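Peer 1: So the sequence shown is numbered by the working numbering: it starts at 6 and just counts up by one. Beta carbons: idealized from backbone N, C-alpha and C, even for Gly. Note that this is a predicted model, so its numbers are computed, not measured.
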Amino acid sequence: MGLHREIRRFRKMGGAAVAGYYLRRLGNAWVRPLNLVVPARFECPCCGWCGARFLNHVGYQETLRNYVCPRCGSHARHRGLAVFLRRMLAARERPATVLHCAPERGIAAVLAANPKISCITVDMAPHTVSVRADICALPFQEAAFDLIICCHVLEHLPADGPALKEIARALKPGGQALVMVPMLHDWESRPTLEFGAAQPRMDDHWRLYGHDVAGRIAAAGLACTGVRFSSFLTAAQQETYQSGGDIIFIGSKPAL
Ligand SMILES: [Zn+2]
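1. From which residue to which residue does the beta strand (DSSP E) around GLY180 run?
2. Would you tell me roughly how many angstroms separate the C-alpha atoms of THR68 and HIS62, rounded to the nearest one?
3. How about ALA142 and PRO167: do their beta carbons lie closer than 9 Å?
4. What separation, rounded to the nearest whole angstrom, lies between the Cα atoms of THR230 and ALA57?
5. Taking the Cβ atom as the reference point for each residue, do PHE59 and TYR72 lie within a distance shorter than 9 Å?
6. Please determine whether the Cβ atom of CYS49 lies at a distance below 8 Å from any heavy atom of ligand 1.
7. What distance in whole Å lies between the Cβ atoms of MET207 and ARG82, which are believed to be in contact at a cut-off of 8 Å?
8. With respect to the beta strand (DSSP E) encompassing THR126, which residues constitute its N-terminal and C-terminal limits?
9. Terminal residues of the continuous alpha helix (DSSP H) containing GLU160?
10. Mind checking which residues open and close the alpha helix (DSSP H) that includes TYR26?
11. Could you tell me which residues DSSP puts in a beta bridge with VAL232?
12. Taking HIS161 as the reference, give the member of ALA107, ALA175, PRO131, VAL23 with the closest Cα.
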């Protein structure tokens, strides 16, 4: 995140909120020494880290405890997605071309470890990806990818329709997109909550998604099914990985 963007956000939040944010960040100071002496209870399936406690994630509004992998930075959603992705790729016999949007380190490690995968990463930040591009105007030919991973990207866009159409265009027939977005707590009974502007206290999200997320993916031409983490992670795995409450939306492009 750029320094200018951070300063602009803090100006909008006010001094008290900024002071609280930095005070809460101090709570992570004891986690690293703790992991040196206390037996491991938790594990990151992205990078293999084991330890007594994940780091807290200190957001602008709240602190999520025992949440961030100290080694690869994975969050709860990445750890479940990594398990799902690894199984999905293991079941695949042929090589696959993958587009990883706004790549997360933990998920990139899963892809890099699979010799059947050739992966292109894309984001607006040029230093971290192989192709710098806007997801709403992808510089790839039609039907270029077997798999597209788009995790917590759409909520940062003023409109998600153009990005989903680009994902559908770039997928090969029979290809799949793995889409994850931040959901309302009661998302199954509510439509998406549009804020009308990026919310500085919510990591600049434009919306929180509701039950219509599958319809939005379907409107781009992809058949959509939702897969809850709890359907493929055991209770023991959910505890060990500190992951389990999320859902992956799989958008499948019809085969020819
Ligand atoms: Zn990790």
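Peer 2: To lay it out plainly:
1. Here residue 180 is taken as the residue at index 175 of the sequence shown, counted from 1. From DSSP, the beta strand (DSSP E) with GLY180 extends over 176–185.
2. By 1-based counting over the sequence shown, the position of residue 68 is 63. By 1-based counting over the sequence shown, the position of residue 62 is 57. Near 6 Å, if we compare the C-alpha coordinates of HIS62 and THR68.
3. Looking up residue 142 in the sequence shown gives position 137. Looking up residue 167 in the sequence shown gives position 162. Their beta carbons are under 9 Å apart, which means ALA142 touches PRO167 by this criterion.
4. Within the sequence shown, the letter at position 225 stands for residue 230. Within the sequence shown, the letter at position 52 stands for residue 57. Cα-Cα distance, rounded: 35 Å.
5. Taking the first residue of the sequence shown as position 1, residue 59 is located at position 54. Taking the first residue of the sequence shown as position 1, residue 72 is located at position 67. In this structure, TYR72 lies closer than 9 Å to PHE59 by Cβ.
6. The residue given as residue 49 occupies position 44 in the sequence shown. Checking the Cβ of CYS49 against ligand 1 gives yes.
7. For the purposes of this step, residue 82 is identified with residue 77 of the sequence shown, where counting begins at 1. For the purposes of this step, residue 207 is identified with residue 202 of the sequence shown, where counting begins at 1. Incorrect: roughly 16 Å between the Cβ atoms, too far for contact.
8. Taking the sequence shown and counting its residues from 1, the one referred to as residue 126 is at position 121. 122–128 is the span of the beta strand (DSSP E), which, as asked, contains THR126.
9. Position 155 of the sequence shown, counted from the start, is the residue given in the question as residue 160. Here GLU160 belongs to no alpha helix (DSSP H), and DSSP marks it neither H nor E.
10. Position 21 of the sequence shown, counted from the start, is the residue given in the question as residue 26. Here the alpha helix (DSSP H) through TYR26 covers 20–30.
11. By 1-based counting over the sequence shown, the position of residue 232 is 227. The partner list for VAL232 (beta bridge, DSSP) reads ILE253.
12. As a position in the sequence shown, residue 161 is number 156, starting the count at 1. The shortest C-alpha separation from HIS161 is found at ALA107.
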